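**Q** One structure is given below, represented as structure tokens, and several questions about it will come after.
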Amino acid sequence: MQLLYHEDLRTRTSFIEVLTFILKQGAEFNSLADTALADRYNQLLDLVTMDTGEGEHPIMISLINSVPFDNLDELAEVLVVLFDYKNKLPSFLTEILMTEVVALESGRLDTLFRGNTMACKVLSIAFKTF
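The following block contains the structure:
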């Protein structure tokens with residue numbers, strides 16, 4: 010923008026002509042910005058739904074462990090939608106359910122999938138949605 014105040018009149022005129030041309034093409038810049046934003050969201054989705062190749066989703070597990078209990082319902086809903094969008098819902102359900110089974114090492118299988126665990130919330134939302 011310093012060229013707008015340049016002492017040479019031809020330089021200022023050239024800069025204004027170029028700026029005018031660029032502003033007339035503004036619609037193309039808007040579409041570029043939209044694609045860049047969509048690309049960022051897709052990268053974020055890839056990160057959240059990333060698996061280790063062994064069916065584990067470390068980012069998802071970290072999210073579940075760090076979100077307050079009061080917000081688990083919303084997180085469960087978001088995760089079901091995200092993993093379904095990325096066609097990874099079966100592996101997500103498998104991992105979340107196996108995590109619940111492994112957590113019951115005490116042998117109290119009568120409490121399996123009962124209560125307010127993340128596995129129950131995810132299963133309930135998946136059944137309601139699909």
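Just so we're aligned: the sequence shown equals residues 10 to 139 in the working numbering. Quick reminder that beta carbons are idealized off the backbone N, C-alpha and C, glycines included. This one's a predicted model, so the numbers in the text were calculated from it and none came from an experiment.
1) For the segment 44-53 and the segment 82-101, state whether three or more C-beta atom pairs, one from each stretch, are separated by less than 8 Å.
2) Helix, strand or coil, according to DSSP, for L18 in the structure here?
3) Measure how close the beta-carbons of A135 and V89 come, nearest whole angstrom, since I'm counting them as under 8 Å.
4) In angstroms with no decimal places, state the Cα-to-Cα distance between E104 and E65.
5) For L72 versus N125, is the C-beta distance shorter than 9 Å?
6) Pick out the complete alpha helix (DSSP H) segments inside the segment 43-101, 4 residues or longer, and give them in chain order.
7) Does the beta-carbon of A112 have 16 or more other beta-carbons within 10 angstroms, so that it is buried, or is it exposed?
8) Return yes when the Cβ of D55 is within less than 9 Å of the Cβ of L100, no when it is not.
9) Less than 9 Å between CB atoms is the rule here; does F122 satisfy it with respect to chain B?
**A** Answer, in terms of the structure:
1) no
2) helix
3) 5 Å
4) 7 Å
5) no
6) 67-75, 81-94
7) exposed
8) Reading off the sequence shown, one finds Ser at residue 100, where the question assumed Leu. No, the pair does not count as a contact, with Cβ atoms beyond the cut-off.
9) Checking the listed chains, one finds no chain B in this structure; it contains a single protein chain.
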